[in-house]
Amino acid sequence: MEFAVPIRRALLNGLRSSTRRAPQPGAIGNHHRLFRRSFAGTANSYHASASASKEGSSQEKPFNFEEYFLDSVAAACDETAAFHLSPRQRDGMSKEARGLITQLSTASDPPGRVENIQFTAYMVAPYRILKQEGLPVSQIREILEVATKTSASFVSDAIRQQLDSSPDPFKHLTDVSRGKEATLYAPPDFKLKHPIDTKDIYHVEIHQCWYMKALKKLDATEIGSTFCAFDRTWYDQIDPSRHRVRFARPTTIADGSDRCRFNFDRVPREEEGRERKAAELHEREGST
Numbered sequence: 154m155e156f157a158v159p160i161r162r163a164l165l166n167g168l169r170s171s172t173r174r175a176p177q178p179g180a181i182g183n184h185h186r187l188f189r190r191s192f193a194g195t196a197n198s199y200h201a202s203a204s205a206s207k208e209g210s211s212q213e214k215p216f217n218f219e220e221y222f223l224d225s226v227a228a229a230c231d232e233t234a235a236f237h238l239s240p241r242q243r244d245g246m247s248k249e250a251r252g253l254i255t256q257l258s259t260a261s262d263p264p265g266r267v268e269n270i271q272f273t274a275y276m277v278a279p280y281r282i283l284k285q286e287g288l289p290v291s292q293i294r295e296i297l298e299v300a301t302k303t304s305a306s307f308v309s310d311a312i313r314q315q316l317d318s319s320p321d322p323f324k325h326l327t328d329v330s331r332g333k334e335a336t337l338y339a340p341p342d343f344k345l346k347h348p349i350d351t352k353d354i355y356h357v358e359i360h361q362c363w364y365m366k367a368l369k370k371l372d373a374t375e376i377g378s379t380f381c382a383f384d385r386t387w388y389d390q391i392d393p394s395r396h397r398v399r400f401a402r403p404t405t406i407a408d409g410s411d412r413c414r415f416n417f418d419r420v421p422r423e424e425e426g427r428e429r430k431a432a433e434l435h436e437r438e439g440s441t
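In our numbering, the protein residues as written are 154 to 441.
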């Protein structure tokens, strides 16, 4: 949920890509202008960080999300399904995604919804094309999960570094969450509650999820769990013994529950030592 936002921003820079066409009139043109204004800065900063470590990168071409993500989908097809994505199928995904963006967009979409539409379109498009090709849904879900994990791996590293360098990772996580809830996960698209909100416990419940409503509209609820799996990009970076934060997501709407639950709990000092010792023991056992 919340911490997937900068990841998607980094990945979703592509619709201001190499085509350099003038914005189209009407709703979709307005959508693209909002998208470029809102997310180009974050995308460029992540891409610049990733590129800086490469020698001879001064002539890097502009980052293109569509190309980057569909490359990841193609690689995931090869890796997980022994299935080679043909140029025809890849072109079909591109056209399908752009059609979905048009279908879901309106002239009055706020920036947060713009981002959610882009991300949803490029997840649903491969699902539709691969399903037409006869792949089972379980395999398509695996392909999408591998593709998103691969695409966002460099941002996972950035999130881990942020947590490692923060003097209070719990406060950092909850502050970011509050900010995103007020902007990108705001009503009417999302309905959130906070059953517990203290200095040491922060629990968020999502009772209405825009993603699931959009997937239902697109007859694509079969891949709802892949959207949830994308959250692993950030929450797998939380180390209770190192960051003194324990995270759990026991239920999701995609899995049939009536709500998604995101639970952040500060690890008490007395538990911190036990967590650290257990982690050190696990590390020693793994090295023998």
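Ideal placement from N, C-alpha and C gives every residue a C-beta, glycine not left out.
{"Check": "Is it buried or exposed for R422, if we count other Cβ within 10 angstroms and need 16 for buried?", "Outcome": "exposed"}
{"Check": "If you reduce the DSSP assignment to three classes, tell me which class V226 lands in.", "Outcome": "helix"}
{"Check": "Can you list, in chain order, the residues of its chain with a C-beta nearer than 7 Å to that of P322? Leave out the 5 residues immediately preceding and following it.", "Outcome": "L316, H396, R397, V398"}
{"Check": "What span of residues does the beta strand (DSSP E) with F417 cover, start to end?", "Outcome": "413–419"}
{"Check": "Please return the same chain residues whose Cβ sits closer than 6 Å to the Cβ of A300, not counting the five positions on each side in sequence.", "Outcome": "S225, V226, A229"}
{"Check": "Within its chain, find whatever has a CB closer than 7 Å to the CB of R412; leave out the 5 residues flanking it on each side and keep chain order.", "Outcome": "E358, I359, H360, T404, I406"}
{"Check": "Report the CB separation of N445 from Y364 in whole angstroms; it is logged as a contact under 8 Å.", "Outcome": "Residue 445 lies beyond the range of the chain shown here (154 to 441); nothing can be said about it."}
{"Check": "I'd like the span of the beta strand (DSSP E) that includes Y355, first residue to last.", "Outcome": "354–361"}
{"Check": "H325 lies in the alpha helix (DSSP H); which residues open and close that run?", "Outcome": "322–336"}
{"Check": "Taking K352 as the reference, give the member of Q271, F417, P215 with the closest Cα.", "Outcome": "F417"}
{"Check": "Should D262 be labelled buried (16 or more other beta-carbon atoms within 10 Å of its own) or exposed?", "Outcome": "buried"}
{"Check": "Just verifying my parser: in three-state terms, what is the DSSP assignment at P348?", "Outcome": "strand"}
{"Check": "Should H275 and F222 be called a contact, given that it needs their Cβ atoms to be closer than 9 Å?", "Outcome": "Note on identity: in this sequence residue 275 is Tyr, with His being the wrong assignment. Yes; because the gap between Cβ atoms is below 9 Å, this pair is in contact."}
{"Check": "Could you tell me the boundaries of the alpha helix (DSSP H) in which A311 lies?", "Outcome": "306–318"}
{"Check": "What did DSSP end up calling R397 once you bin it into helix, strand or coil?", "Outcome": "coil"}
{"Check": "Just to confirm, are R313 and Q390 a CB contact at a threshold of 9 Å?", "Outcome": "yes"}
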